[in-house]
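Colleague: This is the structure I have questions about; it appears just below.
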Amino acid sequence: MDDMRPEIQEAFANQQSKLGNLADSRERLVRGALAARNMHRDGRTQLAAGVAAVVIAALVIATFAYVRTGIGPARHAPPVPASSPTPMSRPLNVSNDTPVILYHDPVNFDQLDGTTWDGKIDGRVGRGVTNGGVGNAQGSLYTTMGDIRDRTGQVVATYDPKNQGVFWADDGVHFCDVVRTGSRDESGPGMLQTGAVGQAETNVTQIGTFAPANLQGGGPVVAACSPPGDRAVVYQAPPGGVGVVQIWVIQLSTGRKVWTGGGGGWIAASHDGRYIALADGSGQTTIYGAGGAALAKLDGTVFAFSWDGTLAVAAGSFGAPPSIVNWSDGQTVWTCPDNSLKYWDSFAEPGGSHLAIGVLDPAFPQTRGFAPVDLFVVGADGIVAFERKNVTLFMY
Amino acid sequence: MAQVVTADRGGSIREDALGGDEEAFEALIGPLVEPAIRLAYSMLGDRMEAEDATQEAITRAWRKLGQLRSGMPMRPWFLAIVVNQCRNVRRTRWFRLVRTKPIVPPDLYREPSVESIDLMRALSLLPDRDRQALFLHFYLDLPIEEVATALGISAAAAKGRIYRACHRLRPSLLEEEI
Chain W
1 MDDMRPEIQE
11 AFANQQSKLG
21 NLADSRERLV
31 RGALAARNMH
41 RDGRTQLAAG
51 VAAVVIAALV
61 IATFAYVRTG
71 IGPARHAPPV
81 PASSPTPMSR
91 PLNVSNDTPV
101 ILYHDPVNFD
111 QLDGTTWDGK
121 IDGRVGRGVT
131 NGGVGNAQGS
141 LYTTMGDIRD
151 RTGQVVATYD
161 PKNQGVFWAD
171 DGVHFCDVVR
181 TGSRDESGPG
191 MLQTGAVGQA
201 ETNVTQIGTF
211 APANLQGGGP
221 VVAACSPPGD
231 RAVVYQAPPG
241 GVGVVQIWVI
251 QLSTGRKVWT
261 GGGGGWIAAS
271 HDGRYIALAD
281 GSGQTTIYGA
291 GGAALAKLDG
301 TVFAFSWDGT
311 LAVAAGSFGA
321 PPSIVNWSDG
331 QTVWTCPDNS
341 LKYWDSFAEP
351 GGSHLAIGVL
361 DPAFPQTRGF
371 APVDLFVVGA
381 DGIVAFERKN
391 VTLFMY
Chain C
397 MAQVVTADRG
407 GSIREDALGG
417 DEEAFEALIG
427 PLVEPAIRLA
437 YSMLGDRMEA
447 EDATQEAITR
457 AWRKLGQLRS
467 GMPMRPWFLA
477 IVVNQCRNVR
487 RTRWFRLVRT
497 KPIVPPDLYR
507 EPSVESIDLM
517 RALSLLPDRD
527 RQALFLHFYL
537 DLPIEEVATA
547 LGISAAAAKG
557 RIYRACHRLR
567 PSLLEEEI
């Protein structure tokens with residue numbers, strides 16, 4: 001066995017070489033540990049915040065952070081106080097191409113408000129959203145009960161919600177939908193369409209099968225729509241609508257089915273349809289690439305991808321605290337700081353590096369048709385850009 | 397290769413550390429910090445997490461110093477605290493990467509021979525506990541008895557893990573060679 005020692009040592013040495021220089025680690029870590037020891041000895045509570053210089057023990061301070069020179073950013077920023085109890089009166093004052101997160105005004109549920117992705121600018125968007133709706137990724141257009149509205153609340157288009165849906169494309173201008181080609185009372189194939197405000201819908205390709213409408217028998221559903229990426233992802237939902245029977249990735253310009261895959265549980269796709277996460281129902285999720293190759297497998301369920309597709313929002317289940325994971329190497333970038341918070345919704349900052357994650361907070365139980373969440377907006381580095389409690393995100 | 401220096405240099409330093417002398421504690425624990433970071437890195441794969449885990453282990457070692465019996469070497473005792481802290485960190489991670497390689501249909505998969513694969517990949521395929529035993533014994537140069545203490549197992553079990561791991565890396569290894 002000892003004749004293997006040189007080989008094994010070399011292999012470990014190669015791994016350890018990635019660790020870098022540890023010359024300053026000894027003093028830093030010992031000093032930091034002694035400082036932590038003294039903090040506990042003094043019986044003080046600690047609140048982790050920010051990065052600081054090396055702290056010598058015996059300082060008496062009101063807050064405490066573990067400190068090391070040259071360490072990365074803080075894991076969790078202090079929460080922003082909940083919104084004011086008065087309706088937002090100030091119109092949202094940002095350019096139309098500035099992405100915003102849409103949410104129901106906390107006082108007037110029928111009013112739609114928006115906040116920038118750094119949480120610094122809030123404003124009123126429009127009204128008529130009591131029954132919910134869906135905004136595009138940019139928050140510049142949104143649907144509600146057959147209307148498509150812009151950020152001033154003006155109706156810019158209408159559609160028949162009974163026979164058509166709107167799945168916003170990642171460019172924020174187009175949308176996709178799969179419509180019936182026959183009677184609602186009969187089974188029949190679906191037709192993938194794309195459209196835009198002010199333009200007639202374009203047929204792309206027949207896809208999936210609709211069951212008769214009165215049977216709740218499932219049918220084809222859009223999971224991603226990307227004219228810039230020339231790709232859409234559609235899956236066949238089973239009766240009851242939960243789960244995946246089959247997946248198709250379609251080239252929008254030609255209607256060609258690029259690849260098709262089998263069934264599973266929960267499905268999530270990157271905005272451009274390049275990556276698809278499919279839970280297999282046994283507690284694991286497979287990440288598929290643009291051509292259908294399985295690229296990785298993770299424990300748990302993936303609910304969203306970052307805009308660049310490298311990070312995934314995932315949790316053990318809908319009722320579990322979420323994390324953000326680099327799915328290619330399994331490294332956790334951020335973990336929900338409180339195990340009592342349960343995953344609810346998530347979405348990516350368009351063209352940016354943040355992920356917005358809404359979690360159910362037992363301190364704010366649901367009292368109406370839509371669940372309030374605590375909203376964490378987290379960067380790719382794991383830093384929380386801002387946090388907001390008791391927010392009802394704009395969604396169906 | 398990491399050079400591990402036995403830090404147990406005399407009862408007086410330990411007594412001073414037990415009495416609250418921070419310099420004495422630093423003299424005891426200091427030489428073990430780098431091997432601890434390396435061990436933590438081998439388990440967690442991330443320098444920041446490895447340093448966090450090591451710092452936490454140092455804090456725990458300070459609090460538990462009274463439990464270290466006189467004459468008991470400090471190195472395996474402290475590395476055991478590091479191992480446990482790293483296991484705690486991994487338990488709180490939500491996600492474990494199961495595979496990154498393209499998933500090959502079962503009928504096309506063949507167990508690769510050691511001649512055709514990189515040894516580091518082979519090590520990464522070992523069960524964690526076997527790989528930890530190899531790391532402690534071959535990279536940190538701990539004798540079997542200290543490997544056992546660090547991993548919280550018997551010396552016979554430690555020897556078995558090391559043998560099993562080596563056998564997987566080189567199936568022709570005979571038991572008599574251990």
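Just so you know, the sequences run in chain order W and C. Residue numbers for the first sequence follow our numbering, beginning at 1 and rising by one. Residue numbers for the second sequence follow our numbering, beginning at 397 and rising by one. Note that beta-carbon positions come from the ideal geometry of N, C-alpha and C, so glycine has one too. The structure presented is a predicted model; accordingly, all values stated were derived computationally and were not measured.
#1: For W/Ser203 and W/Gly263, what's the separation of their Cα atoms in angstroms?
#2: Which of the three DSSP states is assigned to W/His104 in this structure?
#3: Note down, in chain order, each residue of its chain lying with its Cβ closer than 8 Å to the Cβ of W/Ser323, except the 5 sequence neighbours on either side.
#4: Relative to the C-alpha of W/Arg31, which candidate in C/Leu536, C/Arg486, C/Ile558, C/Glu418 has its C-alpha closest?
#5: In whole angstroms, give me the CA-to-CA distance for W/Asn136 and C/Pro427.
#6: For the beta strand (DSSP E) containing W/Thr260, list its first residue and its last residue.
#7: Spell out the partners DSSP gives W/Leu311 in its beta bridges.
#8: Does any CB atom of chain C fall closer than 7 Å to the CB of W/Arg26?
#9: Just verifying my parser: in three-state terms, what is the DSSP assignment at W/Tyr275?
#10: Taking DSSP as the reference, what is the three-state secondary structure of C/Tyr370?
#11: What span of residues does the beta strand (DSSP E) with W/Met191 cover, start to end?
#12: Could you check the C-alpha separation between W/Glu387 and W/Ser340 for me, to the nearest Å?
#13: How long is the line joining the alpha carbons of W/Ser89 and W/Glu27, rounded to whole angstroms?
#14: Quick check: the Cα distance between C/Gly548 and W/Gln246, rounded to an integer number of angstroms?
#15: With a threshold of 7 Å between beta-carbons, can W/Phe318 be considered close to chain C, or not?
#16: Could you name the residues of the segment 437 to 451 of chain C whose beta carbon sits closer than 8 Å to any beta carbon of chain W, in the order they occur along the chain?
#17: Assuming C/Trp458 and C/Thr545 are in contact, meaning their beta carbons sit under 8 Å apart, how far apart are those beta carbons, in whole angstroms?
#18: Using a beta-carbon distance cut-off of less than 7 Å, what residues from the segment 514 to 536 of chain C approach chain W?
#19: Let me make sure I understand the geometry here. Which of W/Gly292, W/Asp150, W/Lys257 has the alpha-carbon closest to that of W/Val129?
#20: In this structure, does DSSP put W/Asn203 in helix, strand or coil?
#21: For W/His104 and W/Leu112, which I take to be in contact (beta-carbon distance under 8 Å), what is that distance rounded to the nearest angstrom?
#22: Check whether the Cβ atoms of W/Gln138 and W/Pro350 sit closer than 7 Å, and answer yes or no.
#23: Distance check for W/Ser253 and W/Asp345, CA to CA, integer angstroms please.
#24: Counting only beta-carbon separations shorter than 7 Å, does C/Val575 have a partner in chain W?
#25: Between C/Ile433 and chain W, is the shortest Cβ-Cβ distance under 7 Å, so that the two count as touching?
#26: For W/Asn326, which residues from the same chain have a beta carbon less than 7 Å from its beta carbon, with the 5 sequence-adjacent residues on both sides left out?
#27: Just mark C/Glu445 as buried or exposed, buried being the case when its beta carbon has 16 or more other beta carbons within 10 Å.
#28: Among the candidates W/Val107, W/Gly132, W/Asp110, W/Val100, whose CA atom is the shortest distance from the CA of W/Lys120?
#29: Provide the residue span of the alpha helix (DSSP H) that contains C/Thr545, from first to last.
#30: Can you tell me whether C/Asp413 is buried or exposed? The criterion is at least 16 other CB atoms within 10 Å of its CB, across all chains shown.
#31: Nearest chain C C-beta to W/Leu22 closer than 7 Å, yes or no?
#32: Could you work out which residue in W/Arg256, W/Leu355, W/Ala277, W/Ala211 is closest to W/Trp266 when comparing CA atoms only?
#33: With distances taken from CA atoms, which of C/Ile540, C/Phe531, C/Ala453 is nearest W/Glu10?
#34: Tell me whether the beta-carbon of C/Val429 lies closer than 7 Å to the beta-carbon of W/Leu360.
#35: If you follow the alpha helix (DSSP H) that C/His533 is part of, which residue opens it and which one closes it?
Modeller: So, from the listed chains and residues:
#1: First, the residue type needs correcting, since residue 203 of chain W is Asn and not Ser in the sequence shown. Spanning the two alpha carbons is a distance of roughly 25 Å.
#2: Three-state result, W/His104: strand.
#3: Val313, Ala314, Ala315, Thr332, Val333, Trp334, Thr335, Cys336
#4: C/Glu418
#5: 57 Å
#6: 257 to 261
#7: W/Asn326
#8: yes
#9: coil
#10: One cannot answer for residue 370 of chain C here, as it falls past the ends of chain C, which runs 397 to 574.
#11: Secondary structure note for W/Met191: its beta strand (DSSP E) is the uninterrupted segment 188 to 196.
#12: 16 Å
#13: 54 Å
#14: 48 Å
#15: No, no contact with chain C.
#16: Tyr437, Ser438, Gly441, Asp442, Arg443, Met444, Ala446, Glu447, Asp448, Thr450, Gln451
#17: About 19 Å separates the two Cβ atoms, so there is no contact after all.
#18: Leu515, Met516, Leu519, Leu530, Phe531, Phe534, Tyr535
#19: W/Asp150
#20: In the structure shown, the three-state DSSP call for W/Asn203 is strand.
#21: 7 Å
#22: Yes, the Cβ-Cβ distance between W/Gln138 and W/Pro350 is below 7 Å.
#23: 31 Å
#24: The displayed coordinates of chain C run from 397 to 574. Any statement about residue 575 of chain C would go beyond what the structure contains.
#25: yes
#26: Thr310, Leu311, Val333
#27: buried
#28: W/Val100
#29: 540 to 547
#30: Going by the sequence as given, residue 413 of chain C is Ala instead of Asp. So C/Ala413 counts as buried.
#31: yes
#32: W/Ala277
#33: C/Phe531
#34: Not in contact: C/Val429 and W/Leu360 (Cβ atoms no closer than 7 Å).
#35: From DSSP, C/His533 is part of no alpha helix (DSSP H); its letter is neither H nor E.
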